[in-house]
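Enquirer: Can you read through this structure? Questions will come right after.
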Amino acid sequence: MSISMLKITPHLVFNDQAEEAAQFYVSVFKNSAILNKTYYTKKGGAFASTVRTVRFHLDGQELIAVNGGPSFTFSDGVSLYVNCETQEEIDELWEKLSAGGIKERCGWLRDRYGVYWQINPMISWEMVNDPDPEKAQRVMDAIDGMTKIEIETLKHAYVGSEKNGQL
């Protein structure tokens with residue numbers, strides 16, 4: 037039996053901001069680019085000659101943005117999860133993506149286009165899945181008390197020491 041590698045590409049449907057959003061995302065993430073665009077044809081009526089889809093990648097992860105009209109909206113039921121290696125990465129992405137949007141709890145934010153993101157350190161997965169349930173719970177409790185995730189606070193919670201009055 038052979039196993040094929042399935043490629044899943046998120047498809048984000050905007051009212052009429054697909055190109056603007058894709059350009060913004062490409063400016064935020066390193067090693068990113070617009071790959072191609074398609075346009076509505078004459079059959080598109082009032083939309084003729086306007087951008088229909090934008091295919092782009094964010095540091096190797098391909099996405100497609102489409103202008104689909106006002107009947108589509110985003111919700112926190114689906115988010116784009118970004119694993120960061122450093123606090124500097126978290127800080128930079130957090131500030132850029134949340135500008136004009138809404139900062140939420142536990143590393144979540146909604147950007148200016150309504151897309152939901154989770155900006156988290158890779159190390160958090162190791163910590164919350166630690167075989168020691170007390171360590172894992174302390175880290176989960178620390179995450180629950182944060183807006184933007186702070187790696188040092190997670191490390192202190194993991195070992196059970198205080199930092200800035202937080203466990």
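First residue of the sequence shown: 37, per this note's numbering; consecutive thereafter. Using N, Cα and C, we set each Cβ at its ideal position, and we do this for glycine too. Just so you know, these numbers come straight off a predicted model, no measurement behind them.
Considering Cα atoms alone, identify which of Q97, L42, N119 is closest to N67.
Expert: Walking along the sequence shown from the start, residue 67 turns up at place 31. Answer by Cα proximity: Q97.
Enquirer: By the DSSP assignment, the alpha helix (DSSP H) with L129 in it spans what residues?
Expert: Within the sequence shown, numbered from 1, the residue matching residue 129 stands at position 93. Run containing L129: 123-134, per the alpha helix (DSSP H) assignment.
Enquirer: Tell me, which residues are paired with K171 by DSSP?
Expert: As a position in the sequence shown, residue 171 is number 135, starting the count at 1. Partner(s): none; K171 has no beta bridge.
Enquirer: From the DSSP output, read off the bridge partner residues of V87.
Expert: As a working note, residue 87 is residue 51 in the sequence shown. V87 is bridged to Y75.
Enquirer: Kindly indicate which residue of K43, W130, Y117, G150 has the alpha-carbon position closest to the one of Q53.
Expert: As a working mapping, residue 53 is identified with position 17 in the sequence shown. The residue with the shortest Cα to Cα distance from Q53 is G150.
Enquirer: CB D112 to CB Y152, shorter than 8 Å?
Expert: Counting from one through the sequence shown, the residue named residue 112 turns up at place 76. Counting from one through the sequence shown, the residue named residue 152 turns up at place 116. Going by C-beta atoms, D112 is nearer than 8 Å to Y152.
Enquirer: If you draw a straight line from the C-alpha of E140 to the C-alpha of L133, how long is it?
Expert: Here the question's residue 140 lines up with position 104 in the sequence shown. Here the question's residue 133 lines up with position 97 in the sequence shown. Computed Cα separation, rounded: 12 Å.
Enquirer: With distance defined between alpha-carbon atoms, name the residue in I185, N51, T109 nearest to P157.
Expert: Here residue 157 refers to the residue found at position 121 when the sequence shown is read from its first residue. Checked all of I185, N51, T109; the closest Cα to P157 is I185.
Enquirer: Can you grab the Cα-Cα spacing for the pair R48 / I100, in whole Å?
Expert: Here residue 48 refers to the residue found at position 12 of the sequence shown. Here residue 100 refers to the residue found at position 64 of the sequence shown. Reading the sequence as shown, one finds Leu at residue 48 and not Arg. If I take the Cα positions, the gap works out to 6 Å.
Enquirer: So, is N119 buried or exposed, given that buried needs 16 or more other C-beta atoms within 10 angstroms?
Expert: Taking the sequence shown and counting its residues from 1, the one referred to as residue 119 is at position 83. Flag for N119 reads exposed.
Enquirer: If you count every other CB in all the chains shown that lies within 10 Å of the CB of L42, and 16 or more means buried, which is it?
Expert: One-based indexing of the sequence shown puts residue 42 at position 6. L42 is exposed by the Cβ-count criterion.
Enquirer: Would S160 be called buried (16 or more neighbouring beta carbons within 10 Å of its own) or exposed?
Expert: To locate residue 160, count along the sequence shown from 1; it is residue 124. So S160 ends up on the buried side.
Enquirer: Does DSSP put K43 in a helix, a strand or coil?
Expert: Locating residue 43 in the sequence shown gives position 7, where the first residue counts as 1. Three-state result, K43: coil.
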